[in-house]
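Sequence lines, in order, name chains A and B.
Position in the first sequence (from 1) plus 148 gives the number in the working numbering.
Position in the second sequence (from 1) plus 148 gives the number in the working numbering.
Working notes for the structure below.
2 protein chains.
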Amino acid sequence: MNASLSFDLNQYLCERVRLIDNALERYLPGEDVRPQSLHRAMRYSTMSGGKRLRPVLVIAGAEAVGGEAEMVLPTACAVELIHTFSLIHDDLPAIDNDTLRRGRPTCHVQFGEAVAILAGDALFASAFELIARNADAVPAERVVQVLKLVAEASGTRGMVGGQMVDIESEGKEADADIVEYIHRHKTAALIRASVVSGAILAGAEQWQVDALSRYGELTGLAFQIADDLLNVTGDPRKTGKAVGTDAARGKVTYPALFGVEASRQRAHQLVQEAIATLHPFGENAEPLRAIAYLMVEREG
Amino acid sequence: MNASLSFDLNQYLCERVRLIDNALERYLPGEDVRPQSLHRAMRYSTMSGGKRLRPVLVIAGAEAVGGEAEMVLPTACAVELIHTFSLIHDDLPAIDNDTLRRGRPTCHVQFGEAVAILAGDALFASAFELIARNADAVPAERVVQVLKLVAEASGTRGMVGGQMVDIESEGKEADADIVEYIHRHKTAALIRASVVSGAILAGAEQWQVDALSRYGELTGLAFQIADDLLNVTGDPRKTGKAVGTDAARGKVTYPALFGVEASRQRAHQLVQEAIATLHPFGENAEPLRAIAYLMVEREG
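Structure, rendered in C-alpha cells:
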C-alpha cells in the first residue's frame with residue numbers, strides 16, 4: 149500500500165527521533181537545578197518514549213520545501229512540549245482522571261496534582277522559549293508567523309478548545325458536527341500547525357503553506373479517528389493505554405457514531421486525500437506520504 | 149514623598165487602564181462563541197477589576213524610552229492574561245485552594261475545576277497569540293526578543309518555578325535564601341519582563357534595557373514584600389482577599405522571617421534604589437517613578 153518502495157520510513161523515523169530526543173534532552177531543565185521536583189516531572193512526562201509524531205512532522209514539513217532538520221529543531225521540540233503539557237493536564241483527576249499513560253503512572257499519580265499542574269504550565273512556557281530560540285537559525289518574521297500559528301492551534305481556537313468541548317459532550321447524545329469539531333480542534337489543529345511551521349521556517353511559498361495546511365488538517369482528522377478506533381479495538385500492550393475507556397465514559401467518538409468499519413474507511417479516505425495534496429512536492433514529500441499511511445495503520 | 153508634584157498618577161492610571169480594559173475586551177474570545185463555558189471563565193477571571201499593574205508597566209516602559217501605548221498594547225494585554233492564568237491555577241484546590249479573589253468566588257468555585265484548568269491554559273496560549281500580533285506595529289526582531297523574555301519569566305525560570313518552590317516550602321523553616329528565590333521568581337520576574345518588554349518594543353537601547361531591567365527587579369521584590377505585608381496587616385474590604393492566610397498555611401514570607409517593621413523598611417529601600425536607576429530617563433520616567441511608590445503604599 150505504501151506509495152514508494154524505495155523510501156525507508158523506519159530508518160527515517162529512527163534518525164529523526166534520535167535528533168529530537170537528543171535536542172529535548174539538551175533543552176529541558178536539569179533535575180539538579182531548583183525547583184528539582186518540577187524538572188523531574190517535566191522530564192518524566194516528556195522523555196517517556198512518545199512517538200514524536202508532531203516534531204517529526206515539523207521536520208518533514210521543512211524537508212518538503214527543501215529545508216533541513218537543524219533549522220527547525222527548537223520548534224519541533226516546542227510542539228512536543230505542548231503535546232506533553234496537554235497530556236499531563238488532560239490526565240488530571242478533574243479532567244479525564246487517567247492513571248496510566250504510555251504504560252507508566254500518569255504525572256499526577258507519580259508526583260501529585262500540584263506538581264502535575266505546574267509541570268504542564270512550565271512545559272507550555274518552555275515551548276514558547278524554544279520558538280523564540282529558533283530565531284537564531286531563521287529570520288524573525290518567520291518565527292513570528294510560527295508563534296501565531298502554534299499559539300492559536302494550542303488555545304481556545306485549537307487544542308484546549310477541543311478538549312473543553314470533548315469534556316462537555318461526555319455522556320450526551322453523539323452528533324457528527326460535535327465529533328468533527330472535537331477532532332478538528334483537539335488533535336488536527338496542532339498536527340496541522342506542526343507541518344506548516346516546519347515549512348514556514350524553511351521559507352515555504354504561500355501555495356506550499358496552503359497545500360501542507362490541507363495535508364495537516366486531513367491527516368490530523370485521520371489520526372484522531374485511528375486513535376478512537378484503537379480505544380475500541382487496540383491491544384493495551386501496544387497502545388500503553390486501557391481499552392474501552394471512551395465508551396465507558398460516554399465519550400463522543402467517530403466509531404461510536406458511525407461504527408468501526410465506516411470509521412476505518414473514512415480514515416483511509418482522508419489519508420488518500422492528504423497524499424493527493426502532496427503531488428506538486430515530488431520526492432521531497434516522500435516522508436510526509438509515508439507518515440500519512442503510518443498515522444492510520446499504527447497499532448499504538 | 150512623591151518626587152514630582154506636577155505628575156498626576158491617578159489620571160495617568162485611569163487613562164491607561166481604560167485603554168487596557170478596552171483592548172482586553174476586544175482581544176478575549178466572545179461568550180457567544182464555542183466553547184462558551186471556557187470563554188465565560190476566561191472573561192470572568194480577566195475582567196474582574198484587577199489593578200492592571202503589569203500592563204501599565206509595559207506601557208510606562210515604552211513611554212520611558214519615547215514610545216507610545218498603542219505600539220505595545222497587545223503585549224500589555226498578554227502579560228495581564230499570563231498574570232490571570234497564574235492566579236486561576238494557583239487558586240486551584242491542589243495548589244493554594246483559595247475560594248475568594250478580588251471579592252468574588254475564584255474561577256474553579258464558579259465554573260468547576262476542569263473549566264478553571266483549561267481556562268488558565270487558554271489564557272496562557274492567548275497571551276502568546278497577542279505577542280505575535282504585536283508584530284503588526286513593530287519589527288519582528290523586537291517581538292522575538294519579547295517572546296523570549298516573557299516566556300522565560302513565566303516558566304520554570306520565572307513565575308511557575310517560584311510558585312513551585314513556594315508550595316514546597318510551606319510549613320518548613322523559613323530561610324532568607326528561599327524567600328528571596330520565591331519573590332524573585334514568582335513575582336519579580338514577570339514585573340521585570342513587563343517593563344522591559346515595553347521598552348524593547350519601543351526600540352530601547354541596551355543601556356535603557358539594562359536600567360529598566362534593574363528597576364523591574366527591585367520594584368518586583370518590593371511589590372511582593374508589600375503583598376506579604378497586606379496579608380498580615382491588610383483590610384480584607386480593600387484587598388478583596390482573606391487576611392492571615394499565609395501564616396495559617398505556614399507560607400515562607402518576608403514579614404514571617406524579618407518582622408513587619410523591617411519588611412516595610414526593606415520595601416521602601418528597594419523602591420528608592422529602583423527610582424535611582426531612572427535618573428537618566430528624565431521626565432519620560434515620571435510614570436515609572438510614581439508607580440514605584442504606589443507599589444509599596446497601596447492598600448489592596
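Here a beta-carbon is modelled for each residue, glycine too, at the ideal position from N, C-alpha and C.
In the DSSP output, which residue or residues are listed as bridge partners for Pro253(B)?
Within the second sequence, the letter at position 105 stands for residue 253(B). DSSP, once it has assigned bridges, lists Leu248(B) as partnering Pro253(B).
Using a Cβ cut-off of 8 Å, which residues of the stretch 312–342 of chain A contact any Cβ in chain B, in chain order?
Met312, Val313, Ile315, Glu316, Tyr329
Whole-angstrom C-beta distance between Ser361(B) and Leu338(B), which should lie under 8 Å:
Here residue 338(B) refers to the residue found at position 190 of the second sequence. Here residue 361(B) refers to the residue found at position 213 of the second sequence. The pair is not a contact, with the Cβ atoms about 13 Å apart (cut-off 8 Å).
Of the listed residues Asp376(B), Ile439(B), Ile265(B), nearest to Ala410(B) (C-alpha basis)
The residue given as residue 410(B) occupies position 262 in the second sequence. When only C-alpha atoms are compared, the closest one is Asp376(B).
Simplified DSSP assignment, three categories, for Gly309(A):
Counting from 1 along the first sequence, the entry for residue 309(A) is found at position 161. Helix, per DSSP.
For Leu235(A), which residues in chain B fall below 7 Å Cβ to Cβ?
As a position in the first sequence, residue 235(A) is number 87, starting the count at 1. Simply none; closest approach about 12 Å.
By alpha-carbon positions, which one of Arg340(A), Gly309(A), Ser342(A) ends up nearest to Ile326(A)?
Here residue 326(A) is taken as the residue at index 178 of the first sequence, counted from 1. Nearest option by C-alpha distance: Gly309(A).
CB His416(A) to CB Val444(A), shorter than 9 Å?
The residue given as residue 416(A) occupies position 268 in the first sequence. The residue given as residue 444(A) occupies position 296 in the first sequence. Against a cut-off of 9 Å, the Cβ pair of Val444(A) and His416(A) comes out as a contact.
Output yes if chain B places a C-beta closer than 9 Å to the C-beta of Lys199(A); else output no.
Taking the first sequence and counting its residues from 1, the one referred to as residue 199(A) is at position 51. No, no contact with chain B.
Cβ of Gln293(B) within 9 Å of any chain A Cβ
Residue numbering aside, residue 293(B) sits at position 145 when the second sequence is read from its first letter. Cβ-Cβ to chain A under 9 Å: yes for Gln293(B).
Opening and closing residue of the alpha helix (DSSP H) in which Gly304(B) lies
In the second sequence, the residue the question calls residue 304(B) occupies position 156. Here residue 304(B) is Thr; the residue named in the question, Gly, does not match the sequence. Looking at the DSSP string, Thr304(B) is not in any alpha helix (DSSP H), and its letter there is neither H nor E.
So Leu201(A) and Met190(A) are in contact, right, with Cβ under 8 Å, and what is the actual spacing, rounded?
Here residue 201(A) corresponds to residue number 53 of the first sequence, with the count starting at 1. Here residue 190(A) corresponds to residue number 42 of the first sequence, with the count starting at 1. Not quite, the Cβ-Cβ distance comes to about 20 Å (not below 8 Å), so this is no contact.
If we count Cβ pairs, one from each stretch, closer than 8 Å, do we get three or more for the stretch 238–258 of chain B versus the stretch 353–372 of chain B?
Not touching, per the Cβ criterion.
In this structure, how does DSSP classify Val206(A) when only helix, strand and coil are distinguished?
Within the first sequence, the letter at position 58 stands for residue 206(A). Three-state DSSP puts Val206(A) in a helix.
Using a Cβ cut-off of 9 Å (strictly closer), state whether Glu434(A) contacts chain B.
To locate residue 434(A), count along the first sequence from 1; it is residue 286. Not closer than 9 Å to any Cβ of chain B, the Cβ of Glu434(A) fails to qualify, so no.
To be precise: take each residue of the stretch 282–311 of chain A, compare its Cβ to all Cβ atoms of chain B, and keep it if any distance is under 7 Å. Which residues remain?
Ala283, Ala288, Glu289, Val291, Val292, Leu295, Lys296, Ala299, Glu300, Ser302, Gly303, Thr304, Val308, Gly309, Gln311
List the residues of chain B that Ile243(A) touches, going by C-beta distances under 7 Å, in chain order.
As a position in the first sequence, residue 243(A) is number 95, starting the count at 1. Going along chain B in sequence order, the residues near Ile243(A) (Cβ under 7 Å) are Ala262, Ile265.
Is the number of C-beta pairs between the stretch 204–214 of chain B and the stretch 344–352 of chain B that are closer than 8 Å three or more?
With contact defined as three or more Cβ pairs closer than 8 Å, the stretch 204–214 of chain B and the stretch 344–352 of chain B are in contact.
Using C-beta distances below 6 Å, list every residue in its chain close to Phe429(A), excluding the 5 sequence neighbours before and after it, in chain order.
The residue you call residue 429(A) lines up with position 281 of the first sequence. Taken in chain order, the residues that qualify are Ala212.
Does the structure place the stretch 233–242 of chain A close enough to the stretch 252–265 of chain A that three or more beta carbon pairs sit under 8 Å?
yes
Buried or exposed (CB count within 10 angstroms, at least 16 for buried), Asn170(A):
In the first sequence, the residue the question calls residue 170(A) occupies position 22. Answer is exposed; the Cβ neighbour count stays below 16.
Quick one: give me the first and last residue of the alpha helix (DSSP H) that Val343(A) is part of.
Mapped onto the first sequence, residue 343(A) falls at position 195. From DSSP, the alpha helix (DSSP H) with Val343(A) extends over 337–349.
Classification of Ser317(B) by the beta-carbon crowding that lies within 10 angstroms, buried from 16 upward
Locating residue 317(B) in the second sequence gives position 169, counting from the first residue. Answer is buried; the Cβ neighbour count reaches 16.
Quick check on Tyr160(A) - is its C-beta less than 9 Å from some C-beta in chain B?
Here residue 160(A) refers to the residue found at position 12 when the first sequence is read from its first residue. Not one chain B Cβ lies under 9 Å of Tyr160(A).
Which of helix, strand or coil does DSSP assign to Ala285(A)?
Indexing the first sequence from 1 puts residue 285(A) at position 137. Correct three-state label for Ala285(A): coil.
Hey, Glu163(A) and Met195(A): beta-carbon distance below 9 Å or not?
The residue given as residue 163(A) occupies position 15 in the first sequence. The residue given as residue 195(A) occupies position 47 in the first sequence. No; because the gap between Cβ atoms is not below 9 Å, this pair is not in contact.
Using a Cβ-Cβ cut-off of 7 Å (strictly less than) and excluding sequence neighbours within five positions of Ala270(A), which residues of its own chain qualify?
As a working note, residue 270(A) is residue 122 in the first sequence. Only Leu186, Met190 meet the Cβ criterion.
So if I threshold CB-CB distances at 9 Å, which residues from the stretch 380–407 of chain B count as touching chain A?
none
Unbroken alpha helix (DSSP H) run spanning Leu167(B), endpoints
Position 19 of the second sequence, counted from the first residue, corresponds to residue 167(B). Start and end: 157–175.
If we cut at 9 Å on Cβ distances, does Gly351(A) have a partner in chain B?
Position 203 of the first sequence, counted from the start, is the residue given in the question as residue 351(A). Chain B contact via Cβ: absent.
Closer than 8 Å by beta-carbon distance: list the chain A residues that pair up with Arg182(B), in chain order.
Here residue 182(B) is taken as the residue at index 34 of the second sequence, counted from 1. Within 8 Å Cβ-Cβ: Gly309, Val313, Tyr329.
Since Leu240(B) meets chain A, which of its residues come closer than 7 Å, beta carbon to beta carbon?
Residue numbering aside, residue 240(B) sits at position 92 when the second sequence is read from its first letter. Chain A residues near Leu240(B): Ile265.
Within 10 Å of its beta-carbon, does Thr381(A) have 16 or more other beta-carbons around it, so buried, or fewer, so exposed?
Start at 1 with the first residue of the first sequence, and residue 381(A) comes out as number 233. So Thr381(A) ends up on the exposed side.
So what's Ile230(B) in DSSP terms, helix, strand or just coil?
Taking the first residue of the second sequence as position 1, residue 230(B) is located at position 82. In the structure shown, Ile230(B) sits in a helix (DSSP, three-state: H, G or I).
Hey, does His187(B) have any beta-carbon neighbour from chain A nearer than 9 Å?
Residue numbering aside, residue 187(B) sits at position 39 when the second sequence is read from its first letter. Answer yes: the Cβ-Cβ gap between His187(B) and chain A drops below 9 Å somewhere.
Kindly indicate which three-state DSSP category Val408(B) falls into: helix, strand or coil?
The count along the second sequence starts at 1 and reaches residue 408(B) at position 260. Here Val408(B) sits in helix by DSSP.
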